[in-house]
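Take the sequence shown: its position 192, counting from 1, is numbered 197 in this note's numbering, and each next residue is one higher.
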Amino acid sequence: MNTSLSIFARALASENLSLSFDPGAPTASFDVDRRHLVMPVWDVSDTLQTMLVAHEISHALWTPKARSMELLAQAEKDGYVIKLLHQIANVIEDVRIEKLMKEKYPGTRRDFFLGYKEIIDADLFKFSEMDFGKAGLINRMNLHFKWEVPGFITLNLSPEEQEVADLIDAVVSFDDGFTLAKALYNHPSMDEIRKRMEEQAAQSEKGGGSDKQQGKSKDAESGGSEAARARYDAGTSMARSLSVHVTVRFEPLSSSFTPDSAGRALFRVDAARDARPTASANAVFSTLNFM
């Protein structure tokens, strides 16, 4: 075990959590109940490993497990496919909690910057084989905040995508992010994957004897794509009313940037949050999905 990483994780989390390396782990993850951090065995720099730890610990500090389980359970009762909704919520939550980590521990800004850069440079996720233009909305949002904002890739977001990115960027509390996730679940660009996953879930429930959906998708029960669009519009309207707009600016990168200075001026909060408390708890989603 890397003792320095273990000490670093404990220091960030302010608790005596444990850490281990798993050759079969596809990425970093955190066991909520055991308070155990699992790291993948990658041939990468200490900086990237530090970034992965910082990301997971930011979930441990600010993603409220009890509240997330409560909201997911209610969403399942409302007919949402939890696997898809969780993926959307996790992308939004990643943006929120990484901001909080950089604010609380400014030294991690350099690690996030160089860590995400190394993922690109080493092609760890095979981005070189991807057509970013054909990626789905949620994947593009993930790519935007982790790799386009710092200047590592170019996506050329459409006006509607930029509106979604602005809504994600404005999220302050976990509840606000979950409200936005439910709205994006009904985004028109999600129609195909949403219908496919809802049908799979319905068939699975039907095969298991459940009569909750009887093989019908949420769209089929509620009017199809037009109804989904209406739910998306209503959801984003609610998200706008809930979100506290905090402008985060990343300074333009130049050729003079060096590893020693990278990250120092990358993150600046320009608008103060209001008096509402942000979500906080020492629990996390069970896994980190970069894509």
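The C-beta atom is built at its ideal place from N, Cα and C for all residues, glycine as well.
Owing to the predicted nature of the structure, the values given are computational and were not obtained by experimental measurement.
Delimiting residues of the alpha helix (DSSP H) encompassing residue i
| i | result |
| --- | --- |
| R9 | In the sequence as presented, Arg is not what sits at residue 9; that position holds Ser. Where S9 is concerned, the enclosing alpha helix (DSSP H) stretches over 8-18. |
| P155 | Note, P155: premise wrong, no alpha helix (DSSP H); not H, not E. |
| E166 | 164-175 |
| M146 | 142-148 |
| E123 | 113-126 |
| A188 | 179-190 |
Own chain partners of residue i with C-beta closer than 7 Å, once the 5 adjacent residues on each side are dropped
| i | result |
| --- | --- |
| W152 | Y121, I125, I158 |
| E103 | H60, S63, F117 |
| G220 | Confidence is the limiting factor: at G220 the pLDDT is only 38, short of 50, which leaves the residue's position unreliable, though a coordinate-based value still follows. Only A207, Q208, K211 meet the Cβ criterion. |
| N21 | R15 |
| I93 | I143, A186, L189, Y190 |
| G29 | none |
For residue j and residue i, the rounded distance between their alpha carbons
| i | j | result |
| --- | --- | --- |
| V86 | A140 | 20 Å |
| P31 | R114 | 24 Å |
| V176 | A14 | 26 Å |
| F150 | E197 | 24 Å |
| T8 | D83 | 45 Å |
| K200 | E134 | 27 Å |
| D38 | K70 | 10 Å |
| N299 | I12 | Not covered by the structure: residue 299. The range shown for the chain is 6 to 296. |
| L160 | G138 | 7 Å |
| M74 | T68 | 11 Å |
| A127 | L119 | 12 Å |
| G112 | P193 | 40 Å |
| Q54 | L142 | 28 Å |
| L10 | F35 | 14 Å |
| R72 | V169 | 24 Å |
| L189 | S23 | 35 Å |
| L89 | Q205 | 12 Å |
| V361 | M202 | Coverage of the chain is limited to positions 6 through 296, which leaves residue 361 absent and any answer about it impossible. |
| F130 | R101 | 22 Å |
| N147 | E123 | 16 Å |
| M195 | H91 | 14 Å |
The beta strand (DSSP E) enclosing residue i, as first and last residue numbers
| i | result |
| --- | --- |
| H41 | 41-45 |
| D27 | 23-27 |
Close-in-space but distant-in-sequence residues of the same chain around residue i (CB under 8 Å, 5 per side omitted)
| i | result |
| --- | --- |
| S25 | M6, H41, L42, V43, M44 |
| S248 | The pLDDT assigned to S248 is 43, lower than 50, so where the model puts this residue is not dependable, and the model offers no usable value. |
| A18 | I62, A65, L66, N287 |
| D27 | V43, M44, P45, V46 |
| R145 | F137, L160, L162, E166 |
Contacts around residue i, its chain only, beta-carbon distance under 6 Å, and the 5 residues preceding and following it disregarded
| i | result |
| --- | --- |
| E165 | none |
| D180 | none |
| L57 | A33 |
| F132 | none |
Cutoff 8 Å: residue i Cβ touching any chain B Cβ
| i | result |
| --- | --- |
| M202 | No chain B is present in this structure, which holds just one protein chain. |
Heavy atom of the ligand ZN within 7 Å of residue i beta-carbon
| i | result |
| --- | --- |
| G29 | Ligands are entirely absent from the displayed structure, and the ligand ZN is therefore not among its contents. |
Exercise for the section: Pair every Cβ in the stretch 63-79 with every Cβ in the stretch 45-53, then say whether three or more of these pairs are closer than 8 Å. Expected result: The stretch 63-79 makes no contact with the stretch 45-53, as fewer than three CB pairs between them are under 8 Å.
Exercise for the section: Pick out the complete alpha helix (DSSP H) segments inside the stretch 35-97, 4 residues or longer, and give them in chain order. Expected result: DSSP runs (the alpha helix (DSSP H)) wholly in the stretch 35-97: 51-67, 70-82.
Practice task
Would you check if there are 3 or more beta carbon pairs closer than 8 Å linking the stretch 92-104 to the stretch 180-190?
Solution key: In short, these stretches touch, since the Cβ pair count reaches three.
Exercise for the section: Evaluate contact between the stretch 105-112 and the stretch 53-68, counting only Cβ atoms and requiring at least three cross-stretch pairs below 8 Å. Expected result: Yes: the two stretches touch, three or more of their Cβ pairs being nearer than 8 Å.
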